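These notes are about the structure you will find just below.
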Amino acid sequence: MLPHLHPLPRSFYLRSTLTVAKDLLGKLLVRKIGPKLLVGKIVEVEAYLGRRDPASHAYRGKTKRNEVMFWEGGHLYVYFTYGMHFCANVVTGREGIGEAVLLRAVEPLAGLEIMKRNRGLRPNANVYDLTNGPAKLCEAFDIGRTENGSDLLSDSVMIAQNRGGEREVVVATTRIGIRLGTEHRWRFHLKNNPWVSRR
DNA sequence: TAGTTGATCGTCT
DNA sequence: GACGATCAACTAA
2 MLPHLHPLPR
12 SFYLRSTLTV
22 AKDLLGKLLV
32 RKIGPKLLVG
42 KIVEVEAYLG
52 RRDPASHAYR
62 GKTKRNEVMF
72 WEGGHLYVYF
82 TYGMHFCANV
92 VTGREGIGEA
102 VLLRAVEPLA
112 GLEIMKRNRG
122 LRPNANVYDL
132 TNGPAKLCEA
142 FDIGRTENGS
152 DLLSDSVMIA
162 QNRGGEREVV
172 VATTRIGIRL
182 GTEHRWRFHL
192 KNNPWVSRR
């Protein structure tokens, strides 16, 4: 059913952040928790360009919180916000750069029942509410503090090529939930995908 | 449908 | 001490 879940190579992440952000659309977010397998197609992301981007956590340089953003590309930066939510980012570029791509929404493909349970939703809940937001997808995929700094080429969290996924139309808009940096259209999503947040 | 608000706490000023 | 890369519940119209 889901053959060849093989992680993308390190070189995928060692390119410009905007390029990686667009290329992440359509790829598979894969989470393995013991025997349980969760898979979602990435449908919405935002790029955060480090020291040159006032909206980025890395704008003022490295801190204890954002340290992982400055690691080599292909790691997962997970942060805690609003006192209750986690959000997950894909670190891009070479070590010391401090750039990342926020995963904002995925289309659930496998492990829907587990995601519903992780989200605390009833079995008959609307599937569109499962993973249509950055904090929602983290809850659904059970991504939290423990996953901060995970290598995306490892097994527990990986991003894999979506085989047979044909080319889709990408839409660029301004980023959501920020005060500075609103002039840039660094949010990318797949056109008309029902899991994209704020349609 | 649009706009407002409360929840809740780690991080940085 | 203020606020945030959010979400859900609420109000008004």
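Position one of the first sequence corresponds to residue 2 (the numbering used here), numbered consecutively onward.
Idealized CB from N, CA, C, for every residue including glycine.
Quantities reported herein were computed from a predicted structural model and do not represent experimental measurements.
Which residue from the options puts its Cα closest to that of residue i?
i	options	result
LYS28	LEU39, ARG95, LEU9	LEU9
THR18	MET70, GLY94, GLU73	GLY94
VAL197	LEU77, ARG16, ARG176	ARG176
GLY84	ARG168, GLY145, MET116, LEU153	GLY145
ASN149	LYS65, TYR60, VAL172	LYS65
VAL172	GLY35, VAL44, LEU30	VAL44
ARG186	THR174, LEU154, TYR78	THR174
ASN38	PHE142, ARG200, ILE98	Residue identity check: residue 38 is Leu in the sequence provided, not Asn. Ranking the options by Cα distance to LEU38, first place goes to PHE142.
PHE81	HIS58, GLY35, GLY62	HIS58
PHE151	GLY178, ASN119, LEU77	The sequence given here places Ser at residue 151; Phe does not occur at that position. Among GLY178, ASN119, LEU77, the Cα nearest to that of SER151 is on LEU77.
ASN193	GLU108, SER12, ILE160	GLU108
Is residue i buried or exposed, if buried means 16 or more other CB atoms sit within 10 Å of its CB?
i	result
LEU26	buried
THR132	buried
GLY112	buried
VAL158	buried
Kindly give me the distance between the Cβ atoms of residue i and residue j, rounded to whole angstroms, as I take these residues to be in contact under 8 Å.
i	j	result
ASN90	ALA101	4 Å
LEU122	VAL46	LEU122 to VAL46, Cβ: 24 Å. No contact.
Write down every uninterrupted run of the alpha helix (DSSP H) in the stretch 74-162 whose length is 4 residues or greater and which is fully enclosed by it, in chain order. 113-120, 135-141
Please specify which runs of the beta strand (DSSP E), each continuous and at least 3 residues long, are wholly inside the stretch 17-57, giving them in chain order. 29-34, 37-49
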